[in-house]
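Numbering of the sequence shown is given in my numbering, commencing with residue 144 and proceeding in unit increments.
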Amino acid sequence: MEKTYIMLKPDAIKRRLVGNIINRIENKGYNITKMKMFNLNEEILKEHYSHLVDKPFFPELVDFMMSGPVIGMIVEGDDVVVGMRNLMGPTKWIEATPGTIRGDFANNTTENLIHGSDSVENAIIEIKRFFG
Ligand code: DAT
Ligand code: MG
144 MEKTYIMLKP
154 DAIKRRLVGN
164 IINRIENKGY
174 NITKMKMFNL
184 NEEILKEHYS
194 HLVDKPFFPE
204 LVDFMMSGPV
214 IGMIVEGDDV
224 VVGMRNLMGP
234 TKWIEATPGT
244 IRGDFANNTT
254 ENLIHGSDSV
264 ENAIIEIKRF
274 FG
């Protein structure tokens, strides 16, 4: 069964959207097989967002991701990597259509509620990074 790494960002927790988002994942038929709440640090964020370290918004992204706890989870299902990206909606909130998590709840590109691995290859790396 395919696996992906999902992370509910600090805004999802602050806005009390955790239950709503988990409902969507479960309603889709995916299984959450591991889950933990924890705090990120700058070192792990530089690794996790290594493709973005040179972007002007990187400091803002790090501050936001460290502004409160996150919930990391492993989600399993057929084609779950693409399936979860579809449930999440695209990165830019303005492009995310209603019905998606970002489309329904995000109004800011940085604070977009949820992370999901963008490929099967990265899912394996991210699961190892956050669950060992
Ligand atoms: P995604 O989270 O959809 O995989 P990404 O990996 O390109 O997108 O970027 C990681 C996070 O960085 C994204 O969820 C929010 C933030 N981000 C990306 N592009 C941004 C931008 N142009 N301005 C502000 N924040 C941005
Ligand atoms: Mg990404």
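Virtual Cβ for every residue (Gly too), placed ideally from N, Cα, C.
Opening and closing residue of the beta strand (DSSP E) in which residue i lies
| i | result |
| --- | --- |
| Phe114 | What is shown of the chain runs 144 to 275, which leaves residue 114 out entirely. |
| His258 | Ile257 to Gly259 |
| Gly232 | Here Gly232 belongs to no beta strand (DSSP E), and DSSP marks it neither H nor E. |
| Ile267 | From DSSP, Ile267 is part of no beta strand (DSSP E) but of the alpha helix (DSSP H) over Val263 to Phe274. |
| Ile217 | Val213 to Glu219 |
Check: residue i C-beta below 7 Å from any heavy atom of ligand 3
| i | result |
| --- | --- |
| Tyr148 | Although ligand 3 was asked about, the structure shown includes only ligand 1 and ligand 2 as ligands. |
Residue i and residue j closer than 8 Å at C-beta
| i | j | result |
| --- | --- | --- |
| Arg137 | Leu230 | It is not possible to answer for residue 137, since the shown part of the chain is limited to 144 through 275. |
| Glu254 | Phe181 | no |
| Leu151 | Ile214 | yes |
| Glu269 | Tyr148 | yes |
| Gly211 | Pro153 | yes |
| Ile164 | Ile244 | yes |
Element boundaries [alpha helix (DSSP H), containing residue i]
| i | result |
| --- | --- |
| Leu151 | From DSSP, Leu151 is part of no alpha helix (DSSP H) but of the beta strand (DSSP E) over Lys146 to Leu151. |
| Gly162 | Val161 to Asn170 |
| Pro202 | Phe201 to Met208 |
| Ile187 | Glu185 to His191 |
- prompt: Would you say the stretch 151 to 167 touches the stretch 194 to 201, given that touching needs at least three Cβ pairs under 8 Å?
  reply: no
- prompt: Are the stretch 163 to 183 and the stretch 203 to 221 touching, with three or more C-beta to C-beta distances below 8 Å?
  reply: As far as the Cβ criterion goes, the stretch 163 to 183 touches the stretch 203 to 221, which means the pair count is three or higher.
task: Report yes or no: do the stretch 220 to 230 and the stretch 257 to 273 share at least 3 C-beta pairs separated by less than 8 Å?
output: Short answer: they touch.
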